[in-house]
Structures are given as C-alpha cells and as structure tokens.
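Scroll down for the structure; my scribbles are underneath it.
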Amino acid sequence: MSDESQAPDRRNQLAADRTVFAAERTYAAWVRTGLAALASGIGAKALLENVVPEFLIIATGTILVLFSAFCFGTAVWREISPGPPPPRPEVKRISPYLLVLVNGFLVLVAFAALIGIWFGDTGGQGQ
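The opening position of the sequence shown corresponds to residue 259 in our numbering, with each subsequent residue numbered one higher.
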C-alpha cells in the first residue's frame with residue numbers, strides 16, 4: 259500500500275522534471291533560431307551584393323539581425339518566467355544569471371553585426 263500512495267507523488271515529480279527539460283528545449287530552439295537569423299542577416303550582405311540594390315541588402319540584413327536579437331531576448335524571458343511553477347523538480351535548472359550573460363553577449367554580437375551591415379562595405383559601390 260505504501261507504493262500506491264507514493265505513486266501520484268512520483269508521477270508529479272517526473273512530470274515536473276519533464277517540464278524543466280521541455281523549457282530547456284524551448285530555450286535551445288529560440289537560441290538556434292536567433293543564430294540562424296544572425297547568420298542569414300550577415301550572409302545576406304555578402305551574398306546579395308550585385309544582385310539587388312544596396313538599400314534592399316541593408317533592409318534584409320537589418321530585419322534578420324534584429325529578429326535574432328529578439329530571439330535571444332525571448333529565449334531568456336521564456337526560460338526565466340515560463341508560467342505557473344510545476345511541482346519542485348529534482349533536476350537542476352540552468353542558472354538565470356548564466357542565461358542572461360550568454361544571451362546578453364549574443365545580443366551584443368547581433369548589434370555589432372547590425373553596425374557592420376549598416377556601415378560596412380557591401381563591395382557593390384566604388385569598384
């Protein structure tokens with residue numbers, strides 16, 4: 259009888275652990291999407307020269323890089339405040355300070371890329 263009374267608690271515990279892992283997968287998906295958008299924004303500048311007008315290259319790169327910064331910020335926001343707390347999980351969560359530090363750095367990289375897109379040479383003019 260002891261095992262039967264403990265079973266709902268154990269199921270709740272395992273569900274809480276799965277919730278933590280699901281939140282981490284969601285975080286990873288936001289960061290992956292942000293990195294893909296960042297690479298696409300930078301690549302747009304290099305790949306679209308002599309194909310489309312420069313203002314379109316800059317606009318495309320800007321939108322993609324700004325979207326990447328949004329993804330990095332959203333990743334931290336979703337990981338730190340996922341909603342109502344589940345039962346206390348056994349697994350340890352990633353430190354919120356580490357998430358803010360890593361994603362803050364990625365946002366800085368995105369803004370550095372944005373400056374490069376705005377003020378860098380596209381190679382299309384002056385040659």
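We treat Cβ as the ideally placed atom computed from N, Cα and C, and that holds for glycine.
Measure the C-alpha to C-alpha separation of residue i and residue j and round it to an integer number of angstroms.
i, j, result
"Ile-338", "Asn-270", "21 Å"
"Thr-318", "Asp-267", "52 Å"
"Lys-303", "Leu-272", "47 Å"
"Gly-292", "Asp-379", "24 Å"
"Ala-274", "Glu-348", "8 Å"
"Glu-312", "Val-289", "29 Å"
"Leu-357", "Thr-332", "11 Å"
Around the C-beta of residue i, are 16 or more other C-beta atoms found within 10 angstroms, so that it is buried, or is it exposed?
i, result
"Asn-361", "buried"
"Leu-314", "exposed"
"Leu-322", "buried"
"Leu-364", "buried"
Under 8 Å by Cβ, that's how I've got residue i and residue j pegged, so tell me the actual separation to the nearest angstrom.
i, j, result
"Thr-284", "Arg-351", "13 Å between Cβ atoms; not a contact."
"Ile-375", "Ile-316", "6 Å"
### Query
Contact between the stretch 308-327 and the stretch 293-300: three or more CB pairs below 8 Å?
yes
### Task
Check whether the stretch 274-293 touches the stretch 305-312, counting contact only when three or more Cβ pairs, one atom from each stretch, lie closer than 8 Å.
no
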